[in-house]
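Reviewing the structure listed below.
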Amino acid sequence: MTLASMQSVLKRYGSCAALDYIDLEIHEGEIVGLLGPNGAGKTTLIQALTGILPVDQGRISLFGDSRNPFSDANKQKLGLVTQEIAVFEELTAKEGLEFFAGIYGLRREEKKKRVAEALEFVGLSAYANKVPHKFSGGMKRRLNIACALTHRPRLLIMDEPTVGIDPQSRNHILESVQKLREQGTTILYTTHCMEEVQEIASRVVILDQGQVVKEGTVQQLIETVRHEETIIFDVADPLGIPLRQVESIAGVSQVSVSGSRITVISAAGAGNLDRILSVVQQHSGVLGIQADKPNLEDVFLTLTGKQLRDREGSR
Amino acid sequence: MRVLSTVRFTLLRLMRNYIVLLLLLAVPIALLTVFSVILSGMVDEAGRPYFDQTALTMVLAFQLFGGSTVMSYLNEDLFARNRERMTVAPFNRTLYAFSILLAGSAFSFLLGAAIMAYTRLVLGLVWANWGWTLYLIALMAVLSSIVCVIFVCGVKSFSTAERLSEVYGVGFVLLAGLFFPMPQHAVFEFMGSYGNPLTLSVGAVRAVEIGNWNEAWFQANIVLAAIGFLFPVMLVMGRRRLR
Chain A
4 MTLASMQSVL KRYGSCAALD YIDLEIHEGE IVGLLGPNGA GKTTLIQALT
54 GILPVDQGRI SLFGDSRNPF SDANKQKLGL VTQEIAVFEE LTAKEGLEFF
104 AGIYGLRREE KKKRVAEALE FVGLSAYANK VPHKFSGGMK RRLNIACALT
154 HRPRLLIMDE PTVGIDPQSR NHILESVQKL REQGTTILYT THCMEEVQEI
204 ASRVVILDQG QVVKEGTVQQ LIETVRHEET IIFDVADPLG IPLRQVESIA
254 GVSQVSVSGS RITVISAAGA GNLDRILSVV QQHSGVLGIQ ADKPNLEDVF
304 LTLTGKQLRD REGSR
Chain B
71 MRVLSTVRFT LLRLMRNYIV LLLLLAVPIA LLTVFSVILS GMVDEAGRPY
121 FDQTALTMVL AFQLFGGSTV MSYLNEDLFA RNRERMTVAP FNRTLYAFSI
171 LLAGSAFSFL LGAAIMAYTR LVLGLVWANW GWTLYLIALM AVLSSIVCVI
221 FVCGVKSFST AERLSEVYGV GFVLLAGLFF PMPQHAVFEF MGSYGNPLTL
271 SVGAVRAVEI GNWNEAWFQA NIVLAAIGFL FPVMLVMGRR RLR
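Residue numbers (my numbering), protein chains in the order written: chain A, 4 to 318; chain B, 71 to 313.
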């Protein structure tokens, strides 16, 4: 069953299309990883899908309802984990969750039970009576997730829930997402962290410049770039390398520089390693060479010509 | 019912907001204590202790700033940090905003009553009519909250709304001539008599002290009329902003 869908959705900010005739479907039981660099339109897509932001054109449907997708009945089945931590600093963790359970109409006994469950789920039971301003960043993130869980949503939308936290909290969150899926919750998970998507998503949607560039399972996406290989050179003087000359080698489709590292994408089996190496060696000392199997990062680079995360950029 | 369940938490947030407690309770109490020492034994031409007038004016003047908490919570919950989560939740946000307004006004009123109680129990000040003074504190608290809601709904930038609320509070304190006397000019005299909620409230309490209930009701009703006039303005602006 399709829980949420967008058909030809357009959202403009002035002349810039943040969502450029997007089509998207989220089916029951999936974890859909929405992957894209900063500014790709991920948050705008979430805001449009949850009714926070009105769209200029197109059709949005939630739980099969496209006439009034943002009715209270549909909102009751929807959970949102916001990118910004939205917890009450003056209320204890337990009181904060009780507040949100209350606005979802949970009654006294049920509210108590669900709040305890949500705290247990995110590993904050021991801190139930503490106020969040004493929490670490990771604990606040986990509390932020718990706020969206007390009413047991059928569809949970998570907007970059692991931004700026320590690895332990990140792992805890990813495990929680897997557990939620096992309990039957459908999840739309946005991030610009490829590893997270590779770890948890049953389907990946790659978004760039407001458009869905590609979608499929991780394996399906990797298959699309298997005909290419990535060769990484660690060099002493990256600025001295004539990138145009490397790009002009037959079979080379992409050259980018990040720090002292030069990444070259070349057609698989083209035997370009020697040719590229000779060009590089003429202009700089080579400290190391590495050939990588394609991953989602390569898929993204191939499809959009950009690095997934904000690095030093490519020349 | 869903909004009703939030009132308890709004009150808890207010009670644990130590900056609000400091500004609206601790500072006035400290100032009143200092003034009670400085003005001890001093009386005006009519033989009334100077401290009585100072205490009354200060209790009412701090109500001018009570609405800033309402403004801050509205902004945080409906326009800034918690906006997305509140928008996605299946509850009436307009009603929620109204509940914050009521809780904030009630809290400001309670702080005013607590200051009054302090002046009576600790400083020994005798209030002529407790009920009437509390009524005027309530009017001032509600008016301040409404004005601040209009500010936060009327301008996009919260900093601007904050500055406007400060202008509202400090402006009326200045116009009341508390810092220095206002010039003898028709505009200032008109403002003092009919347009300044602080002087109107002080005047209404003073009128009761001398038994002039007509004058007292007249002045209090001007404040009430201002509330009646600004309430629909607040509704329109609030609905427009929450749309």
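Think of the CB as a built atom: it goes at the ideal place given N, C-alpha and C, for glycine as much as any other residue.
I need the straight-line Cα distance from residue i to residue j, nearest angstrom please.
i        : j        : result
Leu158/A : Ser128/A : 24 Å
Leu152/A : Ala21/A  : 29 Å
Arg311/B : Asp23/A  : 27 Å
Asn282/B : Gly241/B : 28 Å
Ala176/B : Leu37/A  : 46 Å
Tyr120/B : Ala184/B : 21 Å
Leu242/A : Thr46/A  : 36 Å
Val306/B : Tyr130/A : 42 Å
Asp75/A  : Ser64/A  : 14 Å
Val58/A  : Phe228/B : 26 Å
Leu81/A  : Glu93/A  : 26 Å
Ser179/A : His195/A : 19 Å
Val228/A : Pro297/A : 7 Å
Val212/B : Phe179/B : 9 Å
Thr124/B : Arg118/B : 11 Å
Phe66/A  : Ala51/A  : 15 Å
Ile25/A  : Ile268/A : 29 Å
Met197/A : Glu154/B : 26 Å
Which word fits residue i, buried or exposed, when buried means at least 16 other C-beta atoms lie within 10 angstroms of its C-beta?
i        : result
Phe299/B : exposed
Cys223/B : buried
Ile234/A : buried
Ala231/B : buried
Met142/A : buried
Gln60/A  : exposed
Ser139/A : exposed
Gln289/B : buried
Trp202/B : buried
Met128/B : buried
Leu92/B  : exposed
Ile89/B  : exposed
Arg83/B  : buried
Ile280/B : exposed
Lys137/A : exposed
Leu165/B : exposed
Just the chain B side, please: which residues come within less than 7 Å of residue i by C-beta, in chain order?
i        : result
Asp75/A  : Pro160
Leu94/A  : Phe79, Leu82, Arg83
Lys78/A  : Val158, Ala159, Pro160
Phe102/A : Thr76, Phe79
So with CB distances below 9 Å, who are the chain A contacts of residue i?
i        : result
Glu154/B : Ile49, Gln50, Thr53, Ile55, Leu83, Thr85, Gln86, Glu87, Ala89, Asp162
If you drop the 5 nearest sequence neighbours on each side, which residues of the same chain put their C-beta closer than 7 Å to that of residue i?
i        : result
Gly239/B : Leu134, Phe135
Phe103/A : Cys150, Thr153
Ala274/B : Leu206, Ala286, Gln289, Ala290
Ala96/A  : Leu122, Leu127, Tyr130, Ala131, Lys133, Pro135, Leu146
Gly291/A : Asp237
Pro156/A : Lys80, Leu81, Gly82, Thr188
Leu270/B : Gln289, Ile292, Val293
Leu183/A : Leu159, Ile190
Given residue i, which residues of its chain have a CB within under 6 Å of its CB, disregarding the five upstream and five downstream residues?
i        : result
Leu95/B  : Leu181
Arg247/A : none
Glu250/A : Val258
Met261/B : Leu245
Ser8/A   : Glu28, Ser64
Thr139/B : Val90, Gly174
Can you find the residues in the same chain that come closer than 8 Å, C-beta to C-beta, to residue i, ignoring five residues on each side of it along the sequence?
i        : result
Asn266/B : Phe242, Leu245, Ala246
Gly99/A  : Val90, Phe91, Pro135, Leu146, Cys150
Asn71/A  : Asn77
His175/A : Val125, Gly126, Gly141, Arg145
Ile244/A : Val238, Val260, Ile265, Val282, Val283, His286, Ser287
Arg206/A : Glu33, Ile34, Val35, Gly36, Glu218, Gly219, Thr220
Leu177/A : Thr165, Glu199, Glu202, Ile203
Phe301/B : Ile216
Could you work out which residues of chain B lie near residue i, taking near to mean beta carbons separated by less than 8 Å?
i       : result
Glu98/A : Phe79, Leu82
Cys1/A  : The requested residue 1/A is not part of the displayed model; chain A covers only 4 to 318.
Identify the contact partners of residue i in chain B, using a Cβ-Cβ distance below 9 Å as the criterion.
i        : result
Tyr107/A : Arg72, Ala159, Pro160, Phe161
Phe138/A : Neighbours of Phe138/A on chain B: none; closest Cβ ~16 Å, over 9 Å.
So which residues of chain A does residue i contact, with C-beta pairs closer than 8 Å?
i       : result
Asn87/B : Glu93
Closer than 7 Å: is that where the CB of residue i sits relative to any heavy atom of the ligand PLP?
i        : result
Val215/A : You won't find the ligand PLP in this model; it holds no ligand whatsoever.
Listing by chain order, which chain A residues have their CB less than 7 Å from the CB of residue i?
i        : result
Arg151/B : Glu87, Ala89
### Task
Please go through the region 122 to 198 of chain A and give each complete beta strand (DSSP E) segment of 3 or more residues, from N-terminal end onward.
158 to 162, 189 to 194
### alpha helix (DSSP H) runs contained entirely in the region 112 to 185 of chain B, provided each spans 4 or more residues
120 to 131, 137 to 144, 153 to 158
### Query
Taking only runs of the beta strand (DSSP E) that begin and end inside the region 209 to 275 of chain A, which ones reach a length of at least 3 residues, in chain order?
214 to 219, 231 to 238, 255 to 261, 264 to 270
### Message
Threshold first: 3 residues or longer. Then list the beta strand (DSSP E) segments lying entirely within the region 28 to 109 of chain A, N to C.
### Response
34 to 38, 60 to 65, 81 to 84
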